[in-house]
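For what it's worth, the UniProt record's numbering labels the leading residue of the sequence shown as 1, then goes sequentially.
Where a beta carbon is used, it is the ideal one built from N, C-alpha and C, also for glycine.
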Amino acid sequence: LDPNNQRNRRSKATECEWKVNANFSKRTSMISFTTVVDKHTHPLVPSPATNIARYRKLGNDMVEFIEFCVHHGVTSAQSIGRLLKGKFPGRKVYQKALYNAIQVAKKKLVTRVEFDAADLMKQLYSRRAEDSRWFVEAKFEKNERRLCGLVWLSPEQQILWTRYHDVLFFDTTSRTNKYNMVACFFVVVDNCNRTRLVATALLEDETENSFSWALQMIKKCMGSLTPKVVFTDSDPAMISAINLEFSDSIHCLCIFHLDLNLKKNLRNKLSSIEFKEFREAFFKCRNILVSSVFESQWESLKVEYPSISGYIKRQLDPFKHKWAICYTNNQFTAGANSTQRVESFNRKIHDCVRSSSSLLELTKEIQDLLDKEAEYVRVEEYKEQIPMIGLPTISKTYFNSIETVVSRSLLPAMVFVVCKQMQECFYYDCFRMDSTVVDLIVEEQVNINNIEGAREDNYDITKICLADIISTVRQEQVIEIWRVVLRCSPQAKWHIGLIAARWYKDNFVDDIWKQSPITICANSDETHVPCDVEYPICKFDHIKQVRKTEVYSQTLREVNNTRQKYGRAQGIMRKVLDIAIATDSYDELMGICHGFILDKQGNQEPDTITDEIECNIKNPVVSTRKGRPPGRAKSNVEVQDQRAKKMRHPQTSEITNEYEIKDNRKTCQNCGNKGHNRATCKINQ
1 LDPNNQRNRR
11 SKATECEWKV
21 NANFSKRTSM
31 ISFTTVVDKH
41 THPLVPSPAT
51 NIARYRKLGN
61 DMVEFIEFCV
71 HHGVTSAQSI
81 GRLLKGKFPG
91 RKVYQKALYN
101 AIQVAKKKLV
111 TRVEFDAADL
121 MKQLYSRRAE
131 DSRWFVEAKF
141 EKNERRLCGL
151 VWLSPEQQIL
161 WTRYHDVLFF
171 DTTSRTNKYN
181 MVACFFVVVD
191 NCNRTRLVAT
201 ALLEDETENS
211 FSWALQMIKK
221 CMGSLTPKVV
231 FTDSDPAMIS
241 AINLEFSDSI
251 HCLCIFHLDL
261 NLKKNLRNKL
271 SSIEFKEFRE
281 AFFKCRNILV
291 SSVFESQWES
301 LKVEYPSISG
311 YIKRQLDPFK
321 HKWAICYTNN
331 QFTAGANSTQ
341 RVESFNRKIH
351 DCVRSSSSLL
361 ELTKEIQDLL
371 DKEAEYVRVE
381 EYKEQIPMIG
391 LPTISKTYFN
401 SIETVVSRSL
411 LPAMVFVVCK
421 QMQECFYYDC
431 FRMDSTVVDL
441 IVEEQVNINN
451 IEGAREDNYD
461 ITKICLADII
471 STVRQEQVIE
481 IWRVVLRCSP
491 QAKWHIGLIA
501 ARWYKDNFVD
511 DIWKQSPITI
521 CANSDETHVP
531 CDVEYPICKF
541 DHIKQVRKTE
551 VYSQTLREVN
561 NTRQKYGRAQ
571 GIMRKVLDIA
581 IATDSYDELM
591 GICHGFILDK
601 QGNQEPDTIT
611 DEIECNIKNP
621 VVSTRKGRPP
631 GRAKSNVEVQ
641 DQRAKKMRHP
651 QTSEITNEYE
661 IKDNRKTCQN
671 CGNKGHNRAT
681 CKINQ
C-alpha cells in the first residue's frame with residue numbers, strides 16, 4: 001500500500017452480534033438460511049437504503065460529465081454541482097462523492113509530472129519542426145540540464161512585432177505554475193487599438209540577468225527591431241535590463257504602479273492628511289507640461305517633505321524623466337501611461353491556471369488565448385467588409401469625402417475616433433484675439449491644477465505644448481510662418497497622411513502618399529467648389545520629422561509579406577504531401593520537387609536545419625513559499641502527530657522552548673509591563 005494514498009479514519013466497528021448464514025445448494029437451486037442471530041448492540045438506523053454507499057455512488061454518466069468539465073477548466077465543485085443538477089434532474093449528488101470524483105479527474109489530467117519540462121520542450125520543438133518560423137530558445141543549468149528559462153515567439157507574433165513594435169508593454173506575473181517560474185508577457189497595440197501578445201518568457205527569478213537574457217533572445221529573433229517606447233513598472237532589475245538591452249528605447253514607468261508604491265511606502269511615514277496633500281502635490285507636479293516649471297516645483301516638493309526625502313531621492317528623483325509628462329509627452333505612446341494592457345492579459349491567464357498548474361498547462365492556456373484573439377480579429381475584419389448603411393451624421397453629411405477615405409483606410413475602431421473629432425471640430429470657430437489674452441489662456445492651460453490621476457486621462461485639457469511638438473525641427477529649417485487657414489477658406493485641405501501609418505489597414509499602407517488632398521469647405525464667395533478636386537501629391541517632410549520615423553517601413557513590409565507567403569506555402573505543401581502518400585504518388589511528387597529545385601536554384605545546396613529534441617531535460621526546482629499555504633488549516637491528525645513527536649523527544653522540546661518562549665506583546669512605556677500601552681496604563685489612572 002502507498003502510504004501517501006492512505007488517510008486516517010475513525011473505525012466504525014461496534015462488535016455487533018447480528019449474523020446471518022445462508023447456503024446455496026446446487027441440487028435444489030435454492031437458498032436456505034442456516035443461522036440467524038437477530039441481536040444488535042447498537043440502535044438501528046431507520047430506512048438506510050438511500051444513505052448506504054451503493055446508492056450514494058455517482059453513475060458512470062455523471063463521472064464522465066465531471067471528467068469533461070474538469071478537462072475543460074471547470075473545477076469548482078459548486079459550478080459542477082449546478083451543471084449536474086441541470087443535466088441529470090431528479091438524481092441526488094452528494095458533496096463528498098462529488099469532491100472525490102473531481103479529485104480523481106484532476107489526477108487523470110496530471111500525467112508525466114516528472115517529465116513536465118521535457119514534454120513542454122517537445123511540444124514547442126514539434127511546432128518548430130512543422131513551421132520553421134517558430135522561435136524557441138531555452139536556458140538550462142550546466143550540470144543537471146534543469147530548465148531555467150524559456151522564450152518563444154510564434155510566426156504570427158513575429159509579424160505583429162514587426163508591424164507594431166513602436167510601443168511595447170512589459171510586465172511579469174507569478175503563481176501561474178507549480179515551479180513558481182515567473183511568466184513575462186510582452187504586448188503591443190495594433191491598428192485597431194487592441195492589445196496583442198507578441199512574446200512570452202518563463203524565467204526562474206526576477207533578476208537583472210534573467211530579464212537581460214529574455215530581452216537578448218527577443219533581439220536574437222527580431223534583429224534590430226527594438227521598440228521606441230517601453231512601459232514597465234518600477235522594478236529596478238527590469239529597469240536595468242531595459243537600459244542595457246534596449247538602450248535606444250525610451251523607457252516610461254507605469255503611473256498606476258507609482259501610485260501604488262506611494263501608498264505602500266509613504267502612508268506609514270506621513271499622517272493621513274499629510275499623505276493626501278503630498279499625493280495631490282505629486283500629481284500636480286507630475287502633470288506640469290513645461291520642464292523648467294516642473295523642476296522648480298519638484299525641488300520645492302522635496303524640501304517641503306523632509307521626512308520622506310530619502311524615498312524621493314532614492315526611488316523617484318533618479319527616474320523622473322521616465323514618469324514626468326513634460327519629458328514623455330513628445331513621444332508616441334498609443335495614449336497609454338501605465339501597463340494596464342499587460343495587467344488585463346495577466347488576469348486572463350490567472351483565470352485559467354493556478355499555482356499548482358504544470359508548465360504544459362500554462363503554455364496550452366497561453367496558446368488558447370492567442371487562438372481566441374486571432375479568431376476575434378478575423379471575425380471583426382470580416383464584419384468590417386460587410387457593407388452597412390448607418391444613420392446620417394455630421395461626418396457623413398458635411399465631411400463625406402473625408403469619411404469615405406478614412407473608412408477605406410482605417411479599421412472601425414479608429415474610424416469612430418476620427419469621426420468623433422470631426423463632430424467636435426464642426427462646432428469650432430476662429431476669431432482674432434489680443435496677444436495678452438492668448439498668453440493668459442496658454443498660462444491657464446499649462447498651469448491647470450490636475451491633482452488627481454494622470455493628465456493624459458483628462459480629455460478636455462491640453463496634453464502638450466506647440467514648442468515641444470516642433471522641438472525636433474531645427475531653427476534654421478523654419479523658412480516662414482504661415483497664417484492660420486480658416487475652415488471657410490478654399491485653401492483649407494485635409495490629407496490622410498496626417499494620420500500615422502501604424503493605424504492603416506495592411507493593404508493600404510503603400511498607398512498613403514498617392515492620395516490627393518481633400519478640400520474641407522468652399523469659400524462663401526464661390527458658388528460651387530467640388531470636394532473631390534484633384535491636387536498634386538503632398539509632401540509631409542516636416543510632419544514626418546516631428547512624428548519621427550515610421551517603424552513599419554517598406555523593407556519590413558516586404559519581410560512580413562515573405563513570412564506570410566512562407567507560412568501559406570508550408571500549409572499547402574503539407575496538404576500536397578498527405579495527398580501524395582494517400583494516392584501512392586510520393587515518387588512523382590519528389591521528382592517534381594527535385595526538378596523545380598534544380599531548375600530554379602541550380603547547384604546551390606539548401607541549408608539544413610536539424611532540431612534535436614532533448615528528452616533528458618529536468619523540471620525546474622519546486623520552490624516552497626514561506627508560511628502556511630493560503631486557505632489551509634492543520635487537521636487534528638497533524639496536531640496529534642506534533643504532540644506525539646514532542647512526547648518522544650522531551651529533551652529537544654525543552655531546548656527549543658527556551659528559545660521559542662518569547663513575549664511579543666507590546667510594552668508599556670510608562671510602567672514597563674507587557675500587554676498594554678501608555679494610554680491604557682492603570683498607573684496613570
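Cutting at 8 angstroms between CB atoms, please list the residues of its own chain near residue i, excluding the five before and the five after it.
i, result
"Lys-87", "Phe-65"
"Thr-34", "Asn-21, Ala-22, Asn-23"
"Lys-313", "Lys-302"
Please list, in chain order, all residues of the same chain as residue i whose beta carbon is under 7 angstroms from its beta carbon, the five residues on each side excluded.
i, result
"Ala-281", "Leu-301"
"Arg-127", "Trp-134"
"Ile-499", "none"
"Glu-245", "Ser-212, Leu-215, Gln-216, Lys-219"
"Asn-670", "Arg-678, Cys-681, Ile-683, Asn-684"
"Gly-675", "Arg-665"
"Ser-357", "Thr-176, Asn-177, Lys-178"
"residue 690", "Missing from the structure shown is residue 690; the chain here goes from 1 to 685 and no further."
"Tyr-305", "Phe-278"
If you count every other CB in all the chains shown that lies within 10 Å of the CB of residue i, and 16 or more means buried, which is it?
i, result
"Val-379", "exposed"
"Asp-61", "exposed"
"Val-74", "exposed"
"Asn-337", "buried"
"Ala-324", "buried"
"Ile-52", "exposed"
"Leu-362", "buried"
"Phe-399", "buried"
"Cys-593", "exposed"
Looking only at C-alpha atoms, which of the options sits nearest to residue i?
i, options, result
"Leu-160", "Val-188, Ala-201, Gln-315", "Val-188"
"His-251", "His-257, Ile-239, Lys-108", "Ile-239"
"Glu-381", "Arg-194, Cys-419, Phe-345", "Arg-194"
"Met-414", "Glu-384, Ser-435, Phe-399, Tyr-427", "Glu-384"
"Thr-328", "Val-229, Glu-206, Val-20", "Val-229"
"Phe-426", "Trp-323, Met-217, Gly-672, Ile-394", "Ile-394"
"Leu-289", "Cys-326, Leu-360, Leu-598, Phe-278", "Cys-326"
"Gln-222", "Trp-152, Thr-363, Leu-410, Arg-354", "Position check: residue 222 holds Met in this sequence, whereas Gln was assumed. Nearest option by C-alpha distance: Trp-152."
"Val-136", "Arg-146, Gln-123, Glu-144", "Gln-123"
"Asn-330", "Cys-465, Leu-147, Met-181", "Cys-465"
"Cys-16", "Leu-598, Val-37, Ile-273, Ser-309", "Val-37"
"Lys-19", "Thr-28, Lys-26, Lys-39", "Lys-39"
"Gln-421", "Ser-435, Lys-514, Glu-403", "Glu-403"
"Thr-162", "Leu-225, Ser-25, Asp-599, Met-121", "Leu-225"
"Val-377", "Leu-44, Ile-579, Cys-192, Glu-277", "Cys-192"
"Pro-412", "Ile-386, Cys-668, Tyr-428", "Ile-386"
One question on the structure: do residue i and residue j come within less than 8 angstroms of each other, judged by their Cβ atoms?
i, j, result
"Pro-620", "Tyr-125", "no"
"Ala-199", "Ile-349", "no"
"Val-406", "Val-418", "yes"
"Asn-677", "Lys-666", "yes"
"Ser-307", "Leu-270", "yes"
"Val-353", "Glu-365", "yes"
"Phe-227", "His-321", "In the sequence as displayed, the identity of residue 227 is Pro instead of Phe. No, the Cβ-Cβ distance between Pro-227 and His-321 is not below 8 angstroms."
"Leu-253", "Phe-185", "no"
"Lys-618", "Ala-117", "yes"
"Ala-77", "Tyr-99", "yes"
"Leu-266", "Phe-256", "no"
"Phe-169", "Phe-115", "no"
"Thr-339", "Val-167", "no"
Which same chain residues, not among the five before or five after residue i, have their C-beta less than 6 angstroms away from its C-beta?
i, result
"Leu-150", "Ala-138, Leu-202"
"Asp-511", "none"
"Asn-346", "Thr-173"
"Trp-298", "Cys-285"
"Ser-291", "Cys-326"
"Arg-341", "Phe-169, Val-187, Thr-195"
So, is the C-beta of residue i closer than 8 angstroms to a C-beta in chain C?
i, result
"Asn-180", "Among the chains in the structure shown there is no chain C, since it carries only a single protein chain."
Just checking my contact of residue i with residue j at CB under 8 angstroms: how many whole Å lie between their CB atoms?
i, j, result
"Leu-359", "Asn-177", "6 angstroms"
"Leu-589", "Tyr-504", "Not really, about 41 angstroms apart at Cβ, beyond 8 angstroms."
"Lys-106", "Val-63", "The Cβ separation is near 13 angstroms, so there is no contact."
"Asp-190", "Arg-196", "5 angstroms"
"Glu-456", "Gly-571", "At roughly 43 angstroms, the Cβ-Cβ gap does not stay under 8 angstroms, so Glu-456 and Gly-571 are not in contact."
Quick check: is any heavy atom of the ligand ADP less than 7 angstroms from the C-beta of residue i?
i, result
"Leu-266", "As far as ligands go, the structure on display features none, and thus does not contain the ligand ADP."
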